[in-house]
Amino acid sequence: LAKTTQPISMDSYEGQEVNITCSHNNIATNDYITWYQQFPSQGPRFIIQGYKTKVTNEVASLFIPADRKSSTLSLPRVSLSDTAVYYCLVGFRYRTGRRALTFGSGTRLQVQP
Amino acid sequence: DARVTQTPRDKVTEMGQEVTMRCQPILGHNTVFWYRQTMMQGLELLAYFRNRAPLDDSGMPKDRFSAEMPDATLATLKIQPSEPRDSAVYFCASGLKGGTEAFFGQGTRLTVV
């Protein structure tokens, strides 16, 4: 059964770069990879989306290798307010043909002063 | 500031009662998702709609859950009868393209006693 895998938790300090990797071995050819951030008692918030190679926006970068079986979210110079759970989201096409949008289990990032 | 609006924010009900959760997607968005979040299962996709048509509701227990979009400004998720195991936070999200970039509401915290 297709699934995504992320580290359960990560620790960092303010000002450091944080890289969170998600593996998604069965990603469909035409599916995008999307990362979300979630704070307690809030809904997930879109961070970045990509299909291949590298995508950068004002808050993060997303690195995707050629085989697209994994992706890495990079947060430059994190601050205390980046403490949250980060999810990667990809679409999977199961053998039955049904398409699903599957969140990973999330990575809890703790940023220390 | 466009946002997804969910009502109610909190709901406590007794087992066996009907529960209806409502969602107003962002105006102009043509894709609507319902997710459920629990500590044990994380974020699970229950159903999603595109242009008001259900594309995938395979994540929902069909015997008790139903999801509809009576019009483009309203999505509903109904549970009848509710059970204690349905206790969770239910999120609605809406989007425009691809299905993986979406804006989430604040969620409805459901407690079934």
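Just so you know, the protein sequences line up as chains A and B, in that order. In terms of my numbering, the first sequence has 39 at position 39, counting the first letter as 1, and numbering is strictly consecutive. In terms of my numbering, the second sequence has 55 at position 55, counting the first letter as 1, and numbering is strictly consecutive. Even for Gly, the Cβ is constructed at its ideal location relative to N, Cα and C.
Problem set entry | 8 Å Cβ cutoff, Gly106 (chain A) in contact with chain B | Yes, contact with chain B.
Problem set entry | Distance between Gly106 (chain A) and Val59 (chain A) (C-alpha atoms, nearest Å) | 19 Å
Exercise. Between the Cα of Gln38 (chain A) and the Cα atoms of B:Phe103, B:Val112, B:Val113 and B:Thr111, which residue gives the shortest distance?
Worked result: B:Phe103
For this session: Verify the CB distance criterion: does Gly43 (chain A) have a CB-CB separation below 8 Å to chain B?
Result: yes
Problem set entry | Contact between the region 65-83 of chain B and the region 30-49 of chain B (3+ Cβ pairs under 8 Å) | yes
Exercise. Counting along the chain, where does the beta strand (DSSP E) carrying Tyr90 (chain B) start and finish?
Worked result: Ala88 to Gly95
Exercise. At least one CB of chain B closer than 8 Å to the CB of Thr34 (chain A): is that the case?
Worked result: yes
For this session: In angstroms with no decimal places, state the Cα-to-Cα distance between Ile33 (chain A) and Val55 (chain A).
Result: 11 Å
Exercise. In whole angstroms, what separates the C-alpha of Asn19 (chain A) from that of Asp63 (chain B)?
Worked result: 42 Å
Exercise. Just how far apart, CA to CA, sit Leu80 (chain A) and Glu14 (chain A)?
Worked result: 6 Å
Exercise. At a Cβ threshold of 8 Å, is Leu110 (chain B) touching chain A?
Worked result: Taking CB atoms only, Leu110 (chain B) has no neighbour in chain A less than 8 Å away.
Exercise. So which of A:Lys3, A:Gln6 and A:Met10 has the shortest CA-CA distance to Val78 (chain A)?
Worked result: A:Met10
Exercise. Three-state secondary structure (DSSP) at Leu80 (chain A)?
Worked result: helix
Exercise. Does Thr20 (chain B) come within less than 8 Å of chain A when only Cβ atoms are used?
Worked result: no
Exercise. By the criterion of Cβ-Cβ separation under 7 Å, what are the contact partners of Phe65 (chain B) in chain A?
Worked result: Below the 7 Å Cβ cutoff, chain A contributes no neighbours of Phe65 (chain B), its closest Cβ being approximately 16 Å away.
Exercise. Is it the case that the Cβ atoms of Ala88 (chain B) and Thr38 (chain B) are separated by a distance below 8 Å?
Worked result: yes
Problem set entry | Proximity to Ile48 (chain A) [Cα-Cα], best of A:Ser41, A:Tyr36, A:Gln42 and A:Pro40 | Closest option to Ile48 (chain A), judged by alpha-carbon separation, among A:Ser41, A:Tyr36, A:Gln42 and A:Pro40: A:Tyr36.
Problem set entry | Short CB-CB distance (under 8 Å) between Ala2 (chain B) and chain A | Cβ-Cβ to chain A under 8 Å: no for Ala2 (chain B).
Problem set entry | Three-state secondary structure (DSSP) of Arg85 (chain B) | helix
For this session: For Gly16 (chain B), go through chain A and note every residue whose CB falls closer than 9 Å to its CB, in chain order.
Result: Under the 9 Å cutoff, chain A gives no residues; its nearest Cβ is about 28 Å from Gly16 (chain B).
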